[in-house]
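Going left to right, the sequence shown walks through residues 347 to 666 as this note's numbering numbers them. Heads up, the beta-carbon is just placed ideally off N, CA and C, and yes, glycines get one too. Predicted model only: the values in this text are computed from it and were never measured. Note sheet for the following structure.
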Amino acid sequence: MISIIVPVYNGEAYMRKCLDSVLSSTYRDFELIVVENGSTDATLEIARTYEAADSRVRVITTDVKGLSHARNLGIAEAKGEYLAFVDADDYISPYMYREMVRAAAETESDFVICSYLTGSDYDYVFEDREAKRRFLTVDEYYREMYIRSTFVYSVAWNKLIRRDCLGDVRFDEELTYFEDRNFAARCVCRAEKICFADEPLYYYWRGNENSISLSADQHKRMFQIYALEKDLAFMDTAYPDKPFRSEYVSCNLLQNADFRMKRAREEKLTDLQTELKPIVKNAARRVRRAKHLPRGVRTRFLIEHDFPHLFALAGKIRGR
């Protein structure tokens, strides 16, 4: 059985679409755990109507706001062999969990991810076809997540995770933004086998103007940096024998801290500039001293840091 966890806060305008898509799944062996956290609209009433209509739905309530806290509550209540997460303003293919469970079972994978679509289409029609499969090692996964910054690897909502793989890993409740990548980084390293079901099975809906990813200001976006600092500390502590993992994170931290510094200067946010200065300095030092990165990777990140205008110009030329 899959435990599908859907946290929702003030979601009356869009949550029905999400819940209906999950309940329409062709894979039927699941429980849907809706975690309502302190909504001030009709979210809880709507969730209760779904709970009353379908025995697979359970509603949990909490006054503590926060996506990470809500997801952790869902994990604590989950009874399934596998866990999955869906954001309440998104929706899924009716074939999503059929394909992901099939991939997990047939390949003996304990960590399965799928492709996704993004946009503001409210009624996208998914095709019913078998997902192509490919496999990754943990280090390949980290390279995609940190060196190439590939979004599909960094989020929680396109994953199917075996409970034994999840273990005691939970979402960091100190992080109110970019908590997904921190969770994925600490979870995927426990996987014996990682399978990518390469078919768009999730719709990342961008029509919610109140979405954190769309509305976050520069101070909130600093949690991207805090999350990467936690990732770096995790790699340093857990994998001293694999220093290249810390080097991957250092590259991503340098790139993102540089970008946040650029935005802080543009908006004349002196407090963020002061906070970011030592972070950028330390990340740059770590990348310069990296001994296990491919030379081209190390050079690319350092050129982007030391000569940002030249790097941007080269990007424009390549784009042509």
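{"query": "Distance, Cα to Cα, His-638 vs Leu-521?", "result": "29 Å"}
{"query": "Look up Gly-465 in the DSSP assignment and give the residues it is bridged to.", "result": "Trp-551"}
{"query": "Taking its Cβ as the centre, do 16 or more other Cβ atoms sit within 10 Å of His-651, making it buried, or is it exposed?", "result": "buried"}
{"query": "Decide if the stretch 377-387 is in contact with the stretch 349-357; the criterion is three or more beta carbon pairs, one per stretch, under 8 Å apart.", "result": "yes"}
{"query": "Straight-line CA distance for Gly-553 to Val-633?", "result": "38 Å"}
{"query": "To which residues of the same chain is Arg-536 closer than 7 Å at the C-beta, ignoring the five residues directly before and after it?", "result": "Cys-511 and Gly-513"}
{"query": "Residue range of the beta strand (DSSP E) that Ile-493 falls in?", "result": "Here Ile-493 belongs to no beta strand (DSSP E), and DSSP marks it neither H nor E."}
{"query": "List the whole-angstrom C-beta distance separating Arg-297 from Tyr-488, where the pair is believed to meet the contact cut-off of C-beta under 8 Å.", "result": "Because the chain is modelled from 347 through 666, residue 297 falls outside the range shown and cannot be assessed."}
{"query": "Assuming Lys-363 contacts Tyr-468 under a Cβ cut-off of 8 Å, what Cβ separation, rounded to an integer in Å, is found between them?", "result": "7 Å"}
{"query": "Three or more C-beta pairs closer than 8 Å, one from the stretch 438-455 and one from the stretch 522-536: is that the case here?", "result": "no"}
{"query": "How do the stretch 580-591 and the stretch 616-633 stand: do at least 3 beta-carbon pairs fall below 8 Å, yes or no?", "result": "no"}
{"query": "Where does Asn-383 sit, in a helix, a strand or coil, going by DSSP?", "result": "strand"}
{"query": "I'd like to know whether the C-beta of Asp-436 is nearer than 8 Å to at least one C-beta of chain B.", "result": "Judged by its chain identifiers, the structure shown contains no chain B, having just a single protein chain."}
{"query": "Measure how close the beta-carbons of Met-446 and Leu-506 come, nearest whole angstrom, since I'm counting them as under 8 Å.", "result": "4 Å"}
{"query": "Using 8 Å as the threshold, is the C-beta distance between Phe-457 and Val-515 below it?", "result": "no"}
{"query": "What are the boundary residues of the alpha helix (DSSP H) that Leu-419 is part of?", "result": "413-423"}
{"query": "Classify Cys-533 as helix, strand or coil using the three-state DSSP reduction.", "result": "helix"}
{"query": "Excluding the five sequence neighbours on either side, which residues of its own chain have a C-beta within less than 7 Å of the C-beta of Arg-646, listed in chain order?", "result": "none"}
{"query": "In its own chain, which residues sit with a C-beta less than 7 Å from the C-beta of Met-568, not counting the 5 before and 5 after it?", "result": "Arg-606 and Leu-618"}
{"query": "So, helix, strand or coil for Asp-456, using DSSP?", "result": "coil"}
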